[in-house]
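K.L.:
Please read through the structure below; I'll follow up with questions.
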Amino acid sequence: MISYPLYDSPEGRTPFDEYKNEANGVPELKPIEAEVLSCYKKYEDAVNNGIVHTLTPHGFVQPEKGNLQNLYSSDCDVAKKVRSSHNEFTRTERRIYHNKCPYCVLSEPNTLEHILPKGKYPEYAVHVYNLIPCCSKCNSHKGEAILNKNNGLPHTLNLYYHDPDKFEFLQVECSIDSNNQPLFSYKLNFPSNADPILTTIITNHFNRLHLIERYNEEVIKTYTAIEPIIKSLCSGKNISEALDAISNYFATVTSYYGINHHEIALLRCLISSSQYHTYLNRLL
Ligand SMILES: [Zn+2]
């Protein structure tokens with residue numbers, strides 16, 4: 017998961033201006049402009065207070081509902097703007113973000129996600145803070161529901177304001193299979209003093225987006241990409257020097273990726289797992 021920067025009036029325009037620009041070409045929306053703009057104000061307050069999930073739909077009915085929903089298309093102005101803002105962001109921060117979906121950090125973001133779905137919340141169909149780039153898998157797993165019925169908290173992190181790196185929670189365990197190859201499996205493990213609300217939202221996020229399963233499916237590929245780096249870092253070293261070298265590499269990449277990135281959790285396991293050290297000894 018990646019915390020995402022909130023657009024600071026991209027291109028010098030606020031969401032208010034954005035709506036007006038879209039509405040200029042849709043004269044039938046003029047009669048509800050004041051209502052929509054008051055919804056926009058509520059949305060921005062909710063973003064500032066980290067409570068977008070508590071917003072209730074305004075209740076627009078047809079034909080206004082359809083007119084508002086129709087403002088959004090994948091090539092509407094606001095969609096283009098969010099994409100170009102994202103591209104600019106990933107270009108300047110490329111070492112950190114590698115142009116990955118902020119929800120899973122596995123795939124490229126190839127779609128735009130409505131944080132509050134436009135079916136229920138047509139008033140936010142083109143609100144720039146209601147859109148975030150993500151991958152189609154996360155988009156489809158997230159679906160339309162906003163709140164988890166069991167705990168009343170959002171199904172997914174809102175990466176415009178939730179910080180998934182407040183504490184370390186993603187762990188990898190290593191075992192060695194009958195062919196003497198390492199096997200890895202991910203799990204969530206929260207520190208006892210972690211904020212219980214954020215802990216619940218992170219758990220919801222992982223469950224909703226099937227992230228543990230998806231990380232486990234990818235881990236052999238992830239490890240296969242890392243092993244040549246490990247081999248070159250550890251070449252000619254004893255196990256203690258090798259672990260120091262991996263730890264130094266870990267410290268550098270953690271500063272780029274954050275503490276709960278799936279590759280960082282894997283590296284943490286390589287450094288701490290005695291099972292992996294047995295395997296590493298044979299690599300040296
Ligand atoms: Zn994703």
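Quick note: the sequence shown uses this note's numbering, first residue 17, plus one each step. Positions of the beta carbon are idealized from the N, C-alpha and C atoms, including for glycine.
Consult DSSP for Phe200 and reduce its assignment to one of helix, strand or coil.
P.N.:
Within the sequence shown, numbered from 1, the residue matching residue 200 stands at position 184. Three-state DSSP puts Phe200 in a strand.
K.L.:
Ligand 1 heavy atoms versus the CB of Ser123: any closer than 6 Å?
P.N.:
Locating residue 123 in the sequence shown gives position 107, counting from the first residue. Yes, the beta carbon of Ser123 sits closer than 6 Å to at least one heavy atom of ligand 1.
K.L.:
Pull up the distance between the alpha-carbon of Gly274 and that of Lys116, whole angstroms please.
P.N.:
As a first step, residue 274 is located in the sequence shown; it is residue number 258 there, counting from the start. As a first step, residue 116 is located in the sequence shown; it is residue number 100 there, counting from the start. Cα to Cα, the separation comes out at about 14 Å.
K.L.:
Three-state secondary structure (DSSP) at Ser152?
P.N.:
The sequence position of residue 152 within the sequence shown is 136, counting from 1. Of the three classes helix, strand and coil, the one that applies to Ser152 here is helix, per DSSP.
K.L.:
Would you call Arg230 buried or exposed, if buried means 16 or more other Cβ atoms sit within 10 Å of its Cβ?
P.N.:
Sequence index remark: in the sequence shown, residue 230 carries index 214 (1-based). With 16 or more other Cβ atoms within 10 Å, it is buried.
K.L.:
Alpha carbon to alpha carbon, what distance is there between Ile162 and Ser90?
P.N.:
Taking the sequence shown and counting its residues from 1, one reaches residue 90 at position 74. Taking the sequence shown and counting its residues from 1, one reaches residue 162 at position 146. C-alpha separation (whole angstroms): 22 Å.
K.L.:
Which word fits Ile236, buried or exposed, when buried means at least 16 other C-beta atoms lie within 10 angstroms of its C-beta?
P.N.:
For this step, residue 236 is matched to residue 220 along the sequence shown. The residue is exposed, with fewer than 16 neighbouring Cβ atoms inside 10 Å.
K.L.:
With C-beta atoms as the reference, is Thr216 less than 7 Å away from Asn155?
P.N.:
Residue 216 sits at position 200 when you count from the first residue of the sequence shown. Residue 155 sits at position 139 when you count from the first residue of the sequence shown. Not closer than 7 Å, so no.
K.L.:
So who's on the other strand from His130, going by DSSP bridges?
P.N.:
Taking the first residue of the sequence shown as 1, we reach residue 130 at position 114. According to DSSP, His130 bridges with Leu147.
K.L.:
Does Arg298 pass the burial test, meaning 16 or more other C-beta atoms within 10 Å, or should it be called exposed?
P.N.:
In the sequence shown, residue 298 corresponds to position 282, counting from 1. Per the 10 Å Cβ criterion, exposed.
K.L.:
Between the stretch 177-184 and the stretch 92-101, are three or more C-beta pairs nearer than 8 Å?
P.N.:
Contact between the stretch 177-184 and the stretch 92-101 is absent, because fewer than three Cβ pairs lie under 8 Å.
K.L.:
Taking just the CA atoms, how far does Leu132 sit from Arg224?
P.N.:
Taking the first residue of the sequence shown as 1, we reach residue 224 at position 208. Taking the first residue of the sequence shown as 1, we reach residue 132 at position 116. Whole-angstrom Cα-Cα distance: 15 Å.
K.L.:
Using CA atoms only, rank isn't needed, just tell me which of Gln197, Lys57 and Leu296 is closest to Lys253.
P.N.:
Looking up residue 253 in the sequence shown gives position 237. Of Gln197, Lys57 and Leu296, the residue nearest in Cα terms is Leu296.
K.L.:
With a cut-off of 8 Å on the beta carbons, I'd call Leu300 and Asn220 a contact; round off their distance for me.
P.N.:
The residue given as residue 300 occupies position 284 in the sequence shown. The residue given as residue 220 occupies position 204 in the sequence shown. Not confirmed; about 42 Å, so no contact.
K.L.:
Who are the near neighbours of Glu44 in its chain, counting only those whose CB is closer than 6 Å to its CB and skipping five residues on each side?
P.N.:
Here residue 44 refers to the residue found at position 28 when the sequence shown is read from its first residue. Cβ neighbours of Glu44 beyond the five flanking positions: Asn83.
K.L.:
Does the separation of the CB atoms of Leu286 and Tyr265 fall below 7 Å?
P.N.:
Numbered from 1 along the sequence shown, position 270 holds the residue referred to as residue 286. Numbered from 1 along the sequence shown, position 249 holds the residue referred to as residue 265. No, Cβ-Cβ distance for Leu286 and Tyr265 is not below 7 Å.
K.L.:
Output yes or no for whether 7 Å exceeds the beta carbon distance between Val121 and His277.
P.N.:
Mapped onto the sequence shown, residue 121 falls at position 105. Mapped onto the sequence shown, residue 277 falls at position 261. Cβ atoms of Val121 and His277: closer than 7 Å.
K.L.:
Output the distance between the C-alpha atoms of Ala141 and Lys58, rounded to the nearest integer angstrom.
P.N.:
Here residue 141 corresponds to residue number 125 of the sequence shown, with the count starting at 1. Here residue 58 corresponds to residue number 42 of the sequence shown, with the count starting at 1. Computed Cα separation, rounded: 14 Å.
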